[in-house]
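Residue numbers for the sequence shown follow my numbering, so the first one is 44 and each next one is one higher. In this text, a Cβ means the ideal position worked out from N, Cα and C, and glycines have one as well. All values derive from a computational prediction rather than experimental measurement.
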Amino acid sequence: MYGVKLADNTIVAAGSVVTKSFTEGGIIIGGNPAKKIGTCDDFLKKYGDNHFDGKKDFLRALENDDDERFIKRREY
């Protein structure tokens, strides 16, 4: 929504409706309305070693904010 601000490294689940700002970085939000459902660190601890082959690419993309395969931004 207009005026909503998200901190760096915030992942928004597909189909989520973000109605408020989230100032904490490195989190995953989702739902309608969106709420915090976890952290990026917890996700990587749980799934990184067994299910996510691109763990290093994912972390690099979050740190450098430069990989369009993982990060999609929309400017309003």
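- With respect to Gly68, Ala50 sits close: the two C-beta atoms are nearer than 8 Å.
- Under the three-state reduction of DSSP output, Lys78 falls in the strand class.
- For Ser59 and Ile80, the gap between their C-alpha atoms comes out near 12 Å.
- Under the DSSP assignment, Asp84 falls in the alpha helix (DSSP H) whose first and last residues are Cys83 to Phe86.
- At least 8 Å separates the beta-carbon of Val55 from that of Val47.
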